[in-house]
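The working numbering numbers the first residue of the sequence shown as 102 and each following residue consecutively. Think of the CB as a built atom: it goes at the ideal place given N, C-alpha and C, for glycine as much as any other residue. Note that the coordinates shown come from a computational prediction; the quantities given were computed from them, not determined experimentally. Below: the structure, in structure tokens.
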Amino acid sequence: MSDALGPRLKPCGPVRDAMAAGRIHERLVEAADAGGWRATLDGAWGALEPVFAASPYLAGLARRWPERLRQILETPPETRLAEILAATDAVDGPADEAKAPLRHLKAELHLLTALSDLGGVWDLEAVTGALSRFADAAAQAALRCLAHDQRRRGKLISAADDPRGPVPGLFILAMGKGGAFELNYSSDIDLSLFFEPEVLEGALGEGVEAQSFVNRLAQGLTALLTERTADGYVFRVDLRLRPDPSSTPPVVAAPMALAYYESVGQNWERAAFIKARVCAGDAAEGADFLKALVPYIWRRSLDYQAVLDIQSIKKQIHVHKTGEGLEAAGANLKLGRGGIREIEFYVQTQQLILGGRDKGLRSSRTLEALDALTERGHVTPEARDELAAAYHELRALEHRVQMLADEQSHVLPVDPERRADVAALAHSMLGGQGDLAAFDAGVEAVLVGVNRRYGELFEGGEELSSPYGSLVFTGVENDPGTLETLKRMGFSEPATVSDAIRSWHHGRIPATRTARGRELFTRLAPQLLTAVAKTGAPDAAFRRFAVFFSGLSAGVQVQALFLNQPRLFDLVVGVMAFAPRLARALGRQPQALDGVLDERFMTALGTDTGLADQVVREAHEAGDFESAMNAVRRLHREQTFRIGMHVITGRTTAEQAGWTNTSLADACMRGLAPAALAEAERMGGAFEGAVAVVALGKAGSREMTAGSDLDLMTVYAAPPEAVSAAKGWSADLFYGRFTQRFIAALSAHTAEGGLYEVDMRLRPTGSKGPVSVRLEALEEYYATEAVTWEFMALTRARLVWASDEAFGARVEATLEAALRRPRPGVDTAHDVRAMRDLMDRERRPKGFWDLKLSAGAQVDAEFVAQYRQLCAAAAGQPLTVSTLEALRDDPVLAETWRTHQQLGQLMACAFEDKGDPDAEPAGFQQRLAQAVGAPDFETLKAQLIDLRLRARRAFEAALPAVGDSSRDGN
């Protein structure tokens, strides 16, 4: 026949492997001589030789089925395609019996399209159209055979020739390139399966559950087409373009799918549906489904944020306008920079924005849509011509890469030999003709041109890539370029991070459940990942941020805050990396971030912001005991986060942090003590008396860190015979109940979290005596029973709250008098040193980073400070609860205390347990060093060793060992 394929074929390029071509020629000559078609073979061999020399896959098809090669060569290609499609449409019967014929037909189709393409007979549209039409026929045949099997089992009762299709109510959409008749040579096929429950249920046998039935059909369809047998496979099937594929069945009920797209559908899913069409199954139901989706896909009105979100599909790809790094070797022709995806995004993003009002822009075909955009003035003719030419060239190259071995690859081989095979198949494309250098240069020119045009689209405004590279989270699978970017950012498991980001884009957490939340997250995601990478500990920072972000009950306000205040966002992400304590607190109580909205958040610590008055006021206005507890906890949560942020970021000193932590604790106690007293009166009745709260330890000295407990005692006074009005409680019982309620108010965990652990063991008689102490008993105890260590504790005693101002003054006077009362016969220095030695024996330091107990660290300094205060009390000199003030004449001990307190403040914010800085990321180690003015972590450790040695010598001088006559006196 004059229009048969064989005579029309042209050589695609040079013969790359003459020996390989010779071997296949020998085999084909044998078959042709035996079958009487030698003339056909000889006439076409000039065009076949370079193909079979470069492509082992195509050579293998010809060797296995020479008779099919003969039919292809002796028949017009359009006629042979029609025969293959007709044979596919005729496949019926049991699914197992359809496996071989479908695979044979696919092999012949592959050989036909490859030769027609490489021989210059078919253009790109003919090639992709043939592949797509066969995919449709194969999907319909597979569904028909599976339905046949279900009818035999009695599960499907509709007629085999039912006009609604093999399974009434079930329809299959071709998505992606298959939907646009643009399928590539070795492509998988993106299919989405849906069913209309009411229609399907009428076609099922009694007792057959619709969802289970269609799920099995989907599994059978995938297996029938995908399974590799001795005859090969038909198509790899991808069902993941259905709604939220990680949490939905393989076949989705149409009403549920419509609800999904209307509520949480993303713009990239809208873009995917531009190409969707019914390819198999119930065509009428499929058409109705697509019609219902038209308002979702083609929105007539878009607000500014929605337009920005559509533009984000493009802006997530990092554009290098210089062409830097665009090389042919290893280039991903589909997903890489300058690749096919950029052309498709260039077209589809403009379609989504403009197509709602202009139906002429709704074509599913990439080049048709590009022409329409040009005709309407949205794209210049020059840009259209360059992109259209590039599209043809890149698609043709993609096909030739896949023709080498029938692999779903889009990457030009790095190996020069394999890339030269592609160049040989590319004929005169890009100036190749066997010259690899010219071929590479041509490919690179195309990639640079596409990437440049892509960069011009939506130019300016906010970039949604990263300095590290592209960050693309559209689609249902991880983008290779994005995984490379995440790897460069330092993530050890890039795929896990990408999966998490894509799931958030799907609205699987409250913060992104609304359209506005997802739009904001599209902008936030690249900033998040870049900020996380800059911490130097990206895995930990992202993991902790994920806990926090997933816990937000709503995300619009927080995301908007982060976007509007990028410096604050960087601070929060830094906390995630270096402060697991704060990160966990945010994860458990994301509401702590609400405090960031308070204008006082960045006010320097140590400044009176009115917080104390606010805590007392809100506790008073709460109305009942539990409400007061929750009101105080809300403010406490926000403020502890604020303090932690200031400490972690180096915005404050140890003294300011200690003062602010303690002022917050004081405010909580002053807010809750009246509530606890009111609760005691509610339970037992009014009582004639007064009570005070005294802080000791670090709460008393105003040196609290994050997580410090409260060392407290309560002191009361009452007439001897006084009893409560309602239940007749005595003073010790009434104020005992008050103290218990007060402890509960501070330490109990409510829905709003907790406040402090409370330790009452520093009161007279410790845990053995009454929980609340009568003032007279306290005075008597310190006059007759207390030992030196209890007076040491008393040096940091401080009144926090009193129910009566005059009584509070009495308590303060009593405490000072107790300290100043002479203690004849007591060797204070001996006792203090003996106490420190005992502590050293019983509580050994736990490693180098034990900032309290290490020799020359905080406890040594504090013991000397308390000793100095006991001496000052005995001498009638002014007293102070401050450790640093008490050490004003001990500069080395003051230095060690300040240094260790600064480190302790930072570590207390960072860790719930002690933590080991040696095991922490380098970024945290550097922050520790910066906190005390050291240039680096190793220098910090060396300086600590030296400081501790000097401080221990100062301690020994102030408190010589027991029995040493060089003591400096009482």
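| Item | Value |
| --- | --- |
| 8 Å Cβ cutoff met for Gly933 and Phe908 | Checking the sequence, you will find Val at residue 933 rather than Gly. Going by C-beta atoms, Val933 is not nearer than 8 Å to Phe908. |
| Ala826 and Gly790 closer than 8 Å at C-beta | no |
| Touch test, the stretch 269 to 281 against the stretch 371 to 383, Cβ-Cβ under 8 Å, three pairs minimum | yes |
| According to DSSP, residues forming a beta bridge with Arg875 | Tyr817 |
| For Asp262 and Glu518, the rounded distance between their alpha carbons | 53 Å |
| Sufficient close CB pairs (3 or more, under 8 Å) joining the stretch 488 to 503 to the stretch 432 to 440 | yes |
| Reference Tyr286, options Leu247, Ala372, Arg254, Ser233, closest by Cα | Ser233 |
| Delimiting residues of the beta strand (DSSP E) encompassing Trp950 | Run containing Trp950: none; DSSP gives neither H nor E here. |
| Element boundaries [beta strand (DSSP E), containing Val901] | 899 to 903 |
| Contact the stretch 947 to 956 vs the stretch 758 to 774: 3+ CB pairs below 8 Å | no |
| Arg378: first and last residue of the uninterrupted beta strand (DSSP E) it sits in | 378 to 382 |
| Given 8 Å, three or more beta-carbon pairs between the stretch 364 to 377 and the stretch 441 to 460 | yes |
| Check: Leu149 C-beta below 7 Å from any heavy atom of the ligand COA | Within the structure as shown, the ligand COA is missing, as the structure has no ligands at all. |
| Enclosing alpha helix (DSSP H) for Ser604 [first to last residue] | 595 to 606 |
| Where the alpha helix (DSSP H) through Phe1012 begins and ends | That residue, Phe1012, is in no alpha helix (DSSP H); it is neither H nor E in DSSP. |
| Segment contact flag, the stretch 868 to 885 with the stretch 771 to 778, C-beta cutoff 8 Å, min 3 pairs | no |
| Beta-carbon proximity check, Trp998 vs Thr981, cutoff 8 Å | no |
| Beta-carbon gap between Val353 and Ala430 smaller than 8 Å | no |
| Inter-residue Cα distance where the pair is Gln172 and Leu225 | 23 Å |
| 8 Å CB neighbourhood of Leu210 in its chain, flanking five on each side removed | Leu182, Ile185, Ala231, Leu232, Phe235 |
| For Leu621 and Ala661, the rounded distance between their alpha carbons | 7 Å |
| Beta carbon of Phe643 nearer than 8 Å to that of Ala612 | no |
| Gly123 classed as buried or exposed, judged by whether at least 16 other C-beta atoms fall within 10 angstroms | exposed |
| Range of the contiguous alpha helix (DSSP H) that encloses Phe295 | Where Phe295 is concerned, there is no enclosing alpha helix (DSSP H), although the beta strand (DSSP E) it sits in stretches over 290 to 296. |
| Three-state class that DSSP yields for Asn433 in the structure shown | strand |
| Candidates Cys972, Leu994, Pro346, Ala919, of which the one nearest Lys953 by Cα | Leu994 |
| Nearest candidate by alpha-carbon position, reference Leu653, set Glu1013, Ala686, Gln628, Gln666 | Ala686 |
| Helix, strand or coil at Gly333 according to DSSP, with G and I counted as helix | strand |
| Element boundaries [beta strand (DSSP E), containing Leu797] | 791 to 797 |
| Three-state secondary structure (DSSP) of Leu863 | coil |
| Selected residue, minimal CA-CA separation from Ala243, among Glu822, Val192, Ala358 | Val192 |
| Given His607 as reference, the closest of Asp1017, Gln959, Gln1002, Asn368 once Cα atoms are compared | Asn368 |
| Alpha carbon of Ser402 to alpha carbon of Gly478, nearest angstrom | 20 Å |
| Distance between Val960 and His670 (C-alpha atoms, nearest Å) | The identity of residue 670 in the sequence shown is Phe, whereas the question assumes His. Looking at the two C-alpha atoms, the distance is approximately 37 Å. |
| Beta-bridge pairing of Gly570 - partner residues as DSSP gives them | Ser567 |
| Own chain partners of Asp104 with C-beta closer than 8 Å, once the 5 adjacent residues on each side are dropped | Pro177 |
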